[in-house]
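Heads up: the structure comes next, in structure tokens.
Protein chains: 2
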Amino acid sequence: MGRPKNFEPDVAVAQAMETFWTKGYAGTSPADLAEATGVGKGSLYHAFGSKRELFGKALDLYGQVGSEMTEAFLNEPGTAKERLRAYLALLVDIDLDGPVRRGCLAASTALELGGKDPEAIRAVQRMTDATIGLFADRIRKGQRDGDVAKEVDADAQAHFLMNTVVGLRVMAQTHDGPVLHRIIDTAVAGL
Amino acid sequence: MGRPKNFEPDVAVAQAMETFWTKGYAGTSPADLAEATGVGKGSLYHAFGSKRELFGKALDLYGQVGSEMTEAFLNEPGTAKERLRAYLALLVDIDLDGPVRRGCLAASTALELGGKDPEAIRAVQRMTDATIGLFADRIRKGQRDGDVAKEVDADAQAHFLMNTVVGLRVMAQTHDGPVLHRIIDTAVAGL
DNA sequence: TCTGTTCTTGAACTACAGGTCAAAAATTGG
DNA sequence: CCAATTTTTGACCTGTAGTTCAAGAACAGA
């Protein structure tokens, strides 16, 4: 009962995510969020409580979407090395393609809120670790398939690749495609 | 002639740098800067013109200090691999040691101001490229000294190591020492 | 159609960001 | 000591951040 919502909360969270992604947490105002979602400021506060809470939902969505995308992409046909290289290249290309460079929301959050918002940091950590897990799984699958040497430490490589991804998405703010693709080539050499 | 300055501009820039580093560009207010430097808001504006201009000086100082530190550290006795590994480990340890995690000012700037402040991005790019140059020089020295294989592409390795450094300094916000040191081990394996 | 409930709207409010300015203070040269 | 110059101080200003709230609108059930 009661008056029905005038908007889809999930959609609003997705739109808020885009805005936080582009402008950063501190750089996004309630007015920005109202404009991005098409929902009045008052309604947003009624529905989500505060800017910080809405950001939390946006972060979670970011992690979830990224995780699904990663898993699907890694498990398309190909060797582990091919798939991982293609994945890194995809991320870089997406970063470079957009009309505006905005990097990675998780990395921005880690740097912007590090040391002053432990809950946000934990959320970033969760999504990072999830990705590391997907990398490690794919490498182990490669070992079972015979396209990755048995001696490779899947877990170490997975952590290392995650680190490379983070680096790439920051460096995509300042450097261009050829440079980044050469970095990818060097990074996947260990597989 | 005229009334003498009550503060050392260079010192104030250094203090401003610390503040921007800890709180980010958007997160630092003129009041914060006045408190950090011990200089009145009015005087700061008189001396530096605007928050953005002071930030520019702070960024330049950050690059200069980092560059000098890097060059000195890389050229202490040891093989290229030893020195580069020690350098990455040093950065990580510094990041982890502080009372507050604050990552890398250059990376924060790239993410926060990317796509809306081309001049800041260029400054970050300059300091990144300077570091890449130092890495490449040190690797080539290693090749002359015989501790790095001739086949290694010094330039590609230098770019790759820069990328690794950036990744590490972001991941230092969310992960702990052992994890990061294992990433370093994996990264320097190609030398 | 009256009631209770949930949502929307727009105004309102406090605090602070970012910056400006006028007046006074501290210096040097004449 | 006076003039010119440069800095300091602190008040002041405009705009916006982040949030709250009162009033009304849209529903379901009795």
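Sequence lines, in order, name chains A and B. Residue numbering for the first sequence follows the numbering used here, starting at 278 and increasing by one per position. Residue numbering for the second sequence follows the numbering used here, starting at 278 and increasing by one per position. Cβ coordinates follow ideal geometry from the N, Cα and C atoms, glycine included.
- The beta carbon of A/Q450 sits closer than 8 Å to some beta carbon of chain B.
- No residue range can be given for A/K427, since it is assigned to no alpha helix (DSSP H) and is classified by DSSP as neither H nor E.
- Note on geometry: alpha-carbon atoms of A/P354 and A/R415 lie some 12 Å from one another.
- B/F284: not part of any alpha helix (DSSP H); DSSP gives it neither H nor E.
- Taking 9 Å as the upper bound on Cβ-Cβ separation, chain B lies near no residue of the stretch 353 to 368 of chain A.
- For the stretch 381 to 396 of chain A, the residues whose beta carbon sits under 7 Å from a beta carbon of chain B are, in order, A384, S385, A387, L388, E389, G391 and G392.
- Residues of chain A with a Cβ closer than 7 Å to the Cβ of B/R459 are, in chain order, A433 and H436.
- Annotation: the continuous alpha helix (DSSP H) that includes B/R329 extends over K328 to L351.
- Taking every protein chain shown into account, the CB of A/E312 has fewer than 16 other CB atoms within 10 angstroms, so this residue is exposed.
- In the pairwise beta carbon analysis, the stretch 395 to 408 of chain B is classified as touching the stretch 450 to 460 of chain A: at least three pairs are separated by under 8 Å.
- For the pair of segments examined, the stretch 330 to 337 of chain A was found to touch the stretch 286 to 305 of chain A: the number of CB pairs separated by less than 8 Å reaches three.
- Note on the stretch 350 to 423 of chain A: whole alpha helix (DSSP H) runs with a minimum of 4 residues are 357 to 374, 382 to 390 and 395 to 422, in chain order.
- In the three-state reduction of the DSSP assignment, B/H452 falls in the coil class, being assigned neither a helical nor a strand state.
- Under the 8 Å criterion on CB atoms, B/R329 is classed as non-interfacial with respect to chain A.
- For A/Y322, the enclosing alpha helix (DSSP H) stretches over residues K318 to F325.
- For the pair B/K427 and B/Q434, the CB atoms are not nearer than the 8 Å cut-off.
- Only those residues of the stretch 283 to 317 of chain A whose C-beta falls short of 7 Å from the nearest C-beta of chain B are listed: G301, A303 and G304.
- In this structure A/D372 is buried. Its beta-carbon is surrounded by 16 or more other beta-carbon atoms within 10 angstroms.
- Secondary structure of A/T305 (DSSP, three-state): coil.
- Listed by position along chain B, the residues whose Cβ is nearer than 7 Å to that of A/A466 are G467.
- Of all residues in the stretch 397 to 410 of chain B, only I398, V401, Q402 and T405 place a beta-carbon less than 8 Å from a beta-carbon of chain A.
- With a cutoff of 8 Å on beta-carbon distance, B/N352 and A/I460 are scored as not near each other.
- When DSSP states are grouped into helix, strand and coil, B/M294 belongs to the helix group.
- For B/G467, the secondary structure class from DSSP, reduced to helix, strand or coil, is helix.
- Straight-line spacing of the CA atoms in A/L368 and A/Y302 works out to 22 Å.
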